[in-house]
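Residue numbers (our numbering): 812 to 890.
Laid out in structure tokens, this is it:
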């Protein structure tokens, strides 16, 4: 019963944002610049950053230092 409620009501109310071409392009540019500077953040962090950036969202995380290298990305500490 609770599982169905979570699936049908709770999860259904959360939008899922795609890693689309715009996000991939931003990610590629950021990654190239960071690699040129000797920084190699995890690929998945770049994808998360890109999705947040192109959707003009603030990225809420418990590990904001993982995202500090990405330019023009708004990051807030969850804790």
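Ideal placement from N, C-alpha and C gives every residue a C-beta, glycine not left out.
Status (buried if at least 16 other CB within 10 Å, exposed otherwise) for residue i
i, result
"residue 870", "buried"
"residue 849", "exposed"
"residue 821", "exposed"
Simplified DSSP state of residue i, which is helix, strand or coil
i, result
"residue 879", "coil"
"residue 871", "strand"
"residue 904", "Residue 904 falls outside the range modelled here, since the chain spans only 812 to 890, and no answer is possible."
Reference residue i, options the options, closest by Cα
i, options, result
"residue 875", "887, 866, 851, 881", "887"
"residue 877", "867, 855, 866, 848", "855"
"residue 884", "815, 829, 847, 834", "834"
Distance between beta carbons of residue j and residue i, contact taken as under 8 Å
i, j, result
"residue 845", "residue 880", "6 Å"
Any alpha helix (DSSP H) of 4 or more consecutive residues that is wholly inside the region 834-867: 854-865
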